[in-house]
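Enquirer:
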Amino acid sequence: MTTDFTRKEFMTLLGLGLASSQLNTVSADDSIAAETDKQASWTDLRKQFLLPTKLSYLNNGSLGPCPRIVLAKTIAALRGLEQNPVHEFWGKQFKQTEIIRKKLANFVHCQSGEISITRNTTEGMNAIAQGIQFKPGDHILTTDQEHAGGFLCWQYYAKRENLKLEKIKISSTDSSAAIVNKFRSAITDRTRVISLSHITYTTGHRLPVKEIAELARKNKILSVVDGAQALGMIQVNLKGLGCDAYASSTHKWLLAPKGTGILYIRQSAAKEIAPLIRAAGPGTYSSSFGSGDLPGMIGLGAALNFQNALGPDKIEAHAMSLQKQLQQGLKKMKAVKMISPELVSQRSALTCFEIKGVAGSKVAAKLSSDFNTTVKTVYHGNDQYLRVSTHLYNTREEIEQFLKNLKKVTA
49 MTTDFTRKEF MTLLGLGLAS SQLNTVSADD SIAAETDKQA SWTDLRKQFL
99 LPTKLSYLNN GSLGPCPRIV LAKTIAALRG LEQNPVHEFW GKQFKQTEII
149 RKKLANFVHC QSGEISITRN TTEGMNAIAQ GIQFKPGDHI LTTDQEHAGG
199 FLCWQYYAKR ENLKLEKIKI SSTDSSAAIV NKFRSAITDR TRVISLSHIT
249 YTTGHRLPVK EIAELARKNK ILSVVDGAQA LGMIQVNLKG LGCDAYASST
299 HKWLLAPKGT GILYIRQSAA KEIAPLIRAA GPGTYSSSFG SGDLPGMIGL
349 GAALNFQNAL GPDKIEAHAM SLQKQLQQGL KKMKAVKMIS PELVSQRSAL
399 TCFEIKGVAG SKVAAKLSSD FNTTVKTVYH GNDQYLRVST HLYNTREEIE
449 QFLKNLKKVT A
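Residue numbers (this note's numbering): 49 to 459.
1. Of all the options Ala459, Ala397, Lys319 and Ala351, which has the alpha carbon lying nearest to the alpha carbon of alanine 367?
2. Just to confirm the assignment: which complete beta strand (DSSP E) runs, minimum length 3, are found wholly within the segment 179-254?
3. Could you check what DSSP says for proline 256 in three-state terms: helix, strand or coil?
4. Rounding to the nearest angstrom, what Cα-Cα distance links glutamine 193 and leucine 119 in this structure?
5. What separation, rounded to the nearest whole angstrom, lies between the Cα atoms of arginine 240 and aspartate 186?
6. If I measure Cβ to Cβ from tyrosine 204 and keep anything under 8 Å in the same chain, skipping five residues before and after, which residues do I get?
7. Excluding the 5 residues preceding and the 5 following leucine 291 in the sequence, name in chain order all residues of the same chain whose CB lies nearer than 6 Å to its CB.
8. Using C-beta distances below 7 Å, list every residue in its chain close to lysine 404, excluding the 5 sequence neighbours before and after it, in chain order.
9. CB of lysine 102 to nearest heavy atom of the ligand FAD: below 6 Å?
10. Could you tell me which residues DSSP puts in a beta bridge with tyrosine 312?
11. Let's test the definition: count the other Cβ atoms within 10 Å of the Cβ of lysine 410 and tell me whether it reaches 16, buried, or not, exposed.
12. CB-CB under 6 Å to proline 360, same chain, minus the five flanking residues each way: which ones, in chain order?
13. What does the Cβ neighbour count give for asparagine 168, buried or exposed, with the cut at 16 atoms within 10 Å?
14. Just the Cα atoms here: how many angstroms apart are alanine 76 and asparagine 174?
15. Using C-beta distances below 6 Å, list every residue in its chain close to phenylalanine 155, excluding the 5 sequence neighbours before and after it, in chain order.
16. If alanine 153 and serine 160 are in contact, beta carbons under 8 Å, what's the gap, nearest whole angstrom?
17. Expressed to the nearest angstrom, what Euclidean distance is found between the alpha-carbon atoms of serine 243 and asparagine 132?
18. In chain order, what residues of the same chain have a beta carbon less than 7 Å from the beta carbon of arginine 116, not counting five sequence neighbours either side?
19. Considering only the alpha carbon of each residue, which of Met281, Arg232 and Arg254 lies closest to asparagine 107?
20. What does DSSP give as the partner residues of tyrosine 105 in its beta bridges?
21. Going straight from the alpha carbon of glutamate 83 to that of glutamate 448, what length do you get?
22. Let me confirm a value: serine 369 is counted as buried when at least 16 other C-beta atoms fall within 10 Å, else exposed. Which label applies?
23. Give a yes or no on whether the minimum CB-CB distance between leucine 129 and chain B is below 7 Å.
24. Taking the beta carbon of valine 134 as the centre, do at least 16 other beta carbons fall within 10 Å, making it buried, or is it exposed?
25. By the three-class DSSP mapping on this structure, what secondary structure does arginine 395 have?
26. In its own chain, which residues sit with a C-beta less than 8 Å from the C-beta of leucine 374, not counting the 5 before and 5 after it?
27. Tell me whether serine 369 sits in a helix, a strand or coil according to DSSP, three-state version.
28. Suppose you measure from the CA of methionine 458 to the CA of histidine 195; what does that come to, to the nearest Å?
29. Which value, in whole angstroms, describes the spacing of the CA atoms of proline 113 and lysine 183?
30. Within the continuous beta strand (DSSP E) that includes lysine 385, where are the two ends?
31. What do you get for serine 110, buried or exposed, if any count of 16 or more other CB atoms within 10 angstroms of its CB means buried?
32. Here's a check: name, in chain order, each residue in its chain whose Cβ is nearer than 8 Å to the Cβ of lysine 121, leaving out the five neighbours to either side.
33. Rounding to the nearest angstrom, what Cα-Cα distance links alanine 124 and lysine 372 in this structure?
34. DSSP beta-bridge partners for glutamate 402?
35. Expressed to the nearest angstrom, what Euclidean distance is found between the alpha-carbon atoms of cysteine 158 and arginine 149?
36. Give me the Cα-Cα distance between tyrosine 441 and serine 233, rounded to the nearest whole angstrom.
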């Protein structure tokens with residue numbers, strides 16, 4: 049697989065057994081009893097991060113740590129920029145970011161003119177909402193599982209422009225077909241936008257985005273996707289999904305510098321989503337928004353190289369193997385109630401569950417203080433529960449130890 053690492057950098061990965069041809073993994077459908085040596089390469093991968101040895105970091109869904117090589121590339125770019133700001137910014141580094149944007153387009157399978165680099169998912173979702181020319185009475189469909197960053201923009205414009213905003217209730221027990229039917233039944237002749245998450249932050253539910261995008265297209269409705277929890281965790285093919293717009297953060301699962309993200313506007317939908325910011329260049333969505341964080345964008349390019357060197361398919365398979373191990377272990381604990389979907393095809397590397405009768409925040413605090421383990425407490429409506437992220441630097445041994453520690457905390 050081609051990357052832009054130098055030979056020395058790539059050989060370092062090879063030396064740790066981290067090139068895609070060297071990596072061994074357990075697919076999500078394989079037996080949990082796979083040989084221990086198949087995890088050796090993933091254990092070595094931990095050395096590529098600054099995470100302390102004794103820290104169990106299981107909250108990648110909030111923020112992901114940058115690999116050392118990504119951090120080094122970002123710092124080098126920042127130092128270079130400050131040595132000759134104008135020359136570096138409008139010269140070498142600006143050219144690099146355009147190359148990175150094209151590389152990013154290849155990574156998510158779209159045209160380079162359809163994608164721009166942003167600061168995060170929230171910025172992208174707001175840019176989409178602000179760019180649509182609504183009329184009073186227009187109808188927006190979304191779900192009750194959306195993150196504030198992907199929902200408040202619709203809520204704001206619904207109030208300001210006198211629109212109807214409808215939230216469809218989604219359960220982790222709903223089949224994909226049932227979810228599609230819920231959207232189909234809610235569509236009216238005034239429905240203008242369908243907005244939903246690729247993977248819900250509340251339950252880790254993989255929603256049937258492709259099918260819903262197709263439904264929207266048949267009804268001449270814009271389909272907008274919040275992909276904050278998908279990019280870098282699972283393989284994302286925007287052309288295959290068929291959605292009109294997609295926003296994501298790259299500082300979560302893609303392990304890029306903090307404050308980097310992407311915004312995709314399908315070419316055929318660009319005429320319906322006006323540019324938020326006017327800037328020099330042939331098109332706002334395909335050019336930079338003024339003076340951005342170029343060192344961060346260069347770090348994003350290094351993060352793409354890192355993922356490509358390992359293999360996105362292998363990363364996804366490893367993360368889902370750990371998720372399967374975790375969910376099987378949790379289901380054996382009487383004190384645990386699963387929140388995430390049971391159906392394998394609907395699961396993601398976000399595993400959500402509650403400890404019966406105990407506030408999630410208390411369990412999370414205890415795991416942190418007693419076992420140096422970082423997990424996420426999810427607050428959704430009146431519910432409060434735990435969310436565990438499993439990613440490429442986590443191991444089977446780490447998940448096994450987490451389950452043991454959780455039993456001690458809840459005993």
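Beta carbons: idealized from backbone N, C-alpha and C, even for Gly. Please read these numbers as outputs of a predicted model, since none were measured by experiment.
Expert: According to the structure shown:
1. Mapped onto the sequence shown, residue 367 falls at position 319. Nearest to alanine 367 by C-alpha distance, out of Ala459, Ala397, Lys319 and Ala351, is Ala397.
2. 187-191, 212-216 and 239-245
3. Numbered from 1 along the sequence shown, position 208 holds the residue referred to as residue 256. Here proline 256 sits in coil by DSSP.
4. Locating residue 193 in the sequence shown gives position 145, counting from the first residue. Locating residue 119 in the sequence shown gives position 71, counting from the first residue. Cα to Cα, glutamine 193 sits roughly 33 Å from leucine 119.
5. Within the sequence shown, numbered from 1, the residue matching residue 240 stands at position 192. Within the sequence shown, numbered from 1, the residue matching residue 186 stands at position 138. Between arginine 240 and aspartate 186, the C-alpha separation is close to 6 Å.
6. The count along the sequence shown starts at 1 and reaches residue 204 at position 156. Result list for tyrosine 204: Ala177, in chain order.
7. For the purposes of this step, residue 291 is taken as residue 243 along the sequence shown, with counting starting at 1. Here the sequence assigns cysteine to residue 291, which means leucine is not the residue at that position. Contacts found: Ala261, Ser271 and Val273.
8. For the purposes of this step, residue 404 is taken as the residue at position 356 of the sequence shown. These residues qualify, in order along the chain: Ala383 and Lys385.
9. With respect to the ligand FAD, the structure offers nothing, as it holds no ligand at all.
10. Stepping through the sequence shown from its first residue, residue 312 is reached at position 264. According to DSSP, tyrosine 312 bridges with Ile163 and Tyr294.
11. Sequence index remark: in the sequence shown, residue 410 carries index 362 (1-based). Counting the other Cβ atoms within 10 Å of the Cβ of lysine 410 gives fewer than 16, which makes it exposed.
12. On the sequence shown, position 312 is the one that residue 360 refers to. Counting only Cβ-Cβ distances below 6 Å, and skipping sequence neighbours, we find Gln283.
13. Within the sequence shown, residue 168 is the residue found at index 120, counting from 1. Within a 10 Å sphere around the beta-carbon of asparagine 168 sit 16 or more other beta-carbons, which makes this residue buried.
14. Here residue 76 refers to the residue found at position 28 when the sequence shown is read from its first residue. Here residue 174 refers to the residue found at position 126 when the sequence shown is read from its first residue. Residue placement at alanine 76 is flagged as unreliable, the pLDDT there being 36, under the threshold of 50; the coordinate-derived value follows with that caveat. Going from the Cα of alanine 76 to the Cα of asparagine 174 covers about 35 Å.
15. Within the sequence shown, residue 155 is the residue found at index 107, counting from 1. Annotation for phenylalanine 155: Leu352 place their beta carbon closer than 6 Å to its own, counting only its chain and skipping 5 residues before and after.
16. Sequence index remark: in the sequence shown, residue 153 carries index 105 (1-based). Sequence index remark: in the sequence shown, residue 160 carries index 112 (1-based). Between serine 160 and alanine 153 the Cβ distance is about 4 Å, and since that is below 8 Å, they are a contact.
17. Walking along the sequence shown from the start, residue 243 turns up at place 195. Walking along the sequence shown from the start, residue 132 turns up at place 84. Their Cα atoms are separated by approximately 43 Å.
18. The sequence position of residue 116 within the sequence shown is 68, counting from 1. Same-chain partners within the cutoff: Gln96, Phe97 and Leu98.
19. Here residue 107 refers to the residue found at position 59 when the sequence shown is read from its first residue. Comparing Cα positions, the closest option is Met281.
20. For the purposes of this step, residue 105 is taken as the residue at position 57 of the sequence shown. Answer by DSSP bridge pairing, in chain order: Thr422.
21. Taking the sequence shown and counting its residues from 1, the one referred to as residue 83 is at position 35. Taking the sequence shown and counting its residues from 1, the one referred to as residue 448 is at position 400. With a pLDDT of 31 at glutamate 83, under the threshold of 50, the modelled position of that residue is not reliable, and no figure is offered here.
22. Taking the sequence shown and counting its residues from 1, the one referred to as residue 369 is at position 321. Burial call: buried.
23. The structure shown has no chain B; it contains just one protein chain.
24. Taking the sequence shown and counting its residues from 1, the one referred to as residue 134 is at position 86. Classification for valine 134: exposed.
25. The residue given as residue 395 occupies position 347 in the sequence shown. Reduced to three states, the DSSP call for arginine 395 is coil.
26. In the sequence shown, the residue the question calls residue 374 occupies position 326. Same-chain partners within the cutoff: Thr399, Val436, Thr438, Ile447, Phe450 and Leu451.
27. The count along the sequence shown starts at 1 and reaches residue 369 at position 321. In the structure shown, serine 369 sits in a helix (DSSP, three-state: H, G or I).
28. Translated into the one-based positions of the sequence shown, residue 458 becomes position 410. Translated into the one-based positions of the sequence shown, residue 195 becomes position 147. Strictly speaking, residue 458 in this sequence is threonine, with methionine absent from that position. Taking the straight line joining both Cα atoms gives about 29 Å.
29. Counting from one through the sequence shown, the residue named residue 113 turns up at place 65. Counting from one through the sequence shown, the residue named residue 183 turns up at place 135. Each residue's alpha carbon lies about 43 Å from the other.
30. For the purposes of this step, residue 385 is identified with residue 337 of the sequence shown, where counting begins at 1. 384-386 is the extent of the beta strand (DSSP E) around lysine 385.
31. Against the sequence shown, residue 110 aligns to sequence position 62. Per the 10 Å Cβ criterion, exposed.
32. Sequence index remark: in the sequence shown, residue 121 carries index 73 (1-based). Within the same chain, lysine 121 has close Cβ partners Ile346, Gly347, Gly349 and Ala350.
33. Reading the sequence shown from its first residue, position 76 is the one you call residue 124. Reading the sequence shown from its first residue, position 324 is the one you call residue 372. Distance between the alpha carbons of alanine 124 and lysine 372: 39 Å.
34. Numbered from 1 along the sequence shown, position 354 holds the residue referred to as residue 402. Glutamate 402 is bridged to Lys385.
35. The sequence position of residue 158 within the sequence shown is 110, counting from 1. The sequence position of residue 149 within the sequence shown is 101, counting from 1. The alpha-carbon atoms of cysteine 158 and arginine 149 are separated by roughly 11 Å.
36. Translated into the one-based positions of the sequence shown, residue 441 becomes position 393. Translated into the one-based positions of the sequence shown, residue 233 becomes position 185. Approximately 42 Å, taken between the alpha carbons.
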